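Sequential numbering of the sequence shown, starting at 3, is according to our numbering. Data first, discussion second: the structure below is written as structure tokens.
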Amino acid sequence: MTSAAEIMTAPAWTIGCDAALDDAVALLERLSVTTVPVVDERQALVGLISDMDLLRERTGGLRAVARGRAPDVARPGACRRVAEVMSGLPRVAGLDTTVAEIAAIMLRQGLRTVPVVAGDRVVGVVSRGDVLATMRPGAADRPA
Numbered sequence: 003m004t005s006a007a008e009i010m011t012a013p014a015w016t017i018g019c020d021a022a023l024d025d026a027v028a029l030l031e032r033l034s035v036t037t038v039p040v041v042d043e044r045q046a047l048v049g050l051i052s053d054m055d056l057l058r059e060r061t062g063g064l065r066a067v068a069r070g071r072a073p074d075v076a077r078p079g080a081c082r083r084v085a086e087v088m089s090g091l092p093r094v095a096g097l098d099t100t101v102a103e104i105a106a107i108m109l110r111q112g113l114r115t116v117p118v119v120a121g122d123r124v125v126g127v128v129s130r131g132d133v134l135a136t137m138r139p140g141a142a143d144r145p146a
């Protein structure tokens, strides 16, 4: 069975928990990704920051939009920090976690990206696209 080590993107781009939200927006845009692992000063995984976390922060959330308040998408995020907005520590994969197990984590938790760790260090990430690529005709990891 195909493992995380075989399909992950490595090394993983990460962002520090003390980084400004504007830096997180810029990183997601530059990398054309939806989620980036968040690390502390020791480079240990502490959470994820996603486009949805940032959208929720920048617009005031669904309740504000539902009440008819126009989203303030220009609201500056330079004063706010990633740690204030990020999602908490997600389920992670190890290097030997199978694609089937990663897909189950994604489905159960609604994740687009699963960090791959060795100890508490992020060594890569697996995206939904990475998992789907293993399901193409002729791909090595076909369900039994």
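Cβ atoms here follow ideal geometry from the backbone N, Cα and C, with glycine treated the same way. These numbers were taken from a predicted model, which means no experiment stands behind them.
Can you find the residues in the same chain that come closer than 8 Å, C-beta to C-beta, to residue i, ignoring five residues on each side of it along the sequence?
i, result
"residue 104", "6, 95, 116, 128 and 133"
Tell me, which residues are paired with residue i by DSSP?
i, result
"residue 52", "37"
"residue 123", "46 and 120"
Pull up the distance between the alpha-carbon of residue i and that of residue j, whole angstroms please.
i, j, result
"residue 49", "residue 8", "23 Å"
"residue 26", "residue 87", "11 Å"
"residue 19", "residue 46", "10 Å"
"residue 120", "residue 97", "7 Å"
Within its chain, find whatever has a CB closer than 7 Å to the CB of residue i; leave out the 5 residues flanking it on each side and keep chain order.
i, result
"residue 111", "92 and 93"
Select from the options the residue whose C-alpha is nearest the C-alpha of residue i.
i, options, result
"residue 118", "3, 139 and 100", "100"
"residue 40", "140, 123, 10 and 12", "123"
"residue 29", "138, 56, 126 and 131", "56"
"residue 131", "140, 139 and 114", "114"
"residue 11", "37, 31 and 3", "37"
With a CB to CB cut of under 6 Å and the five nearest residues on each side skipped, what residues in its chain are close to residue i?
i, result
"residue 90", "49"
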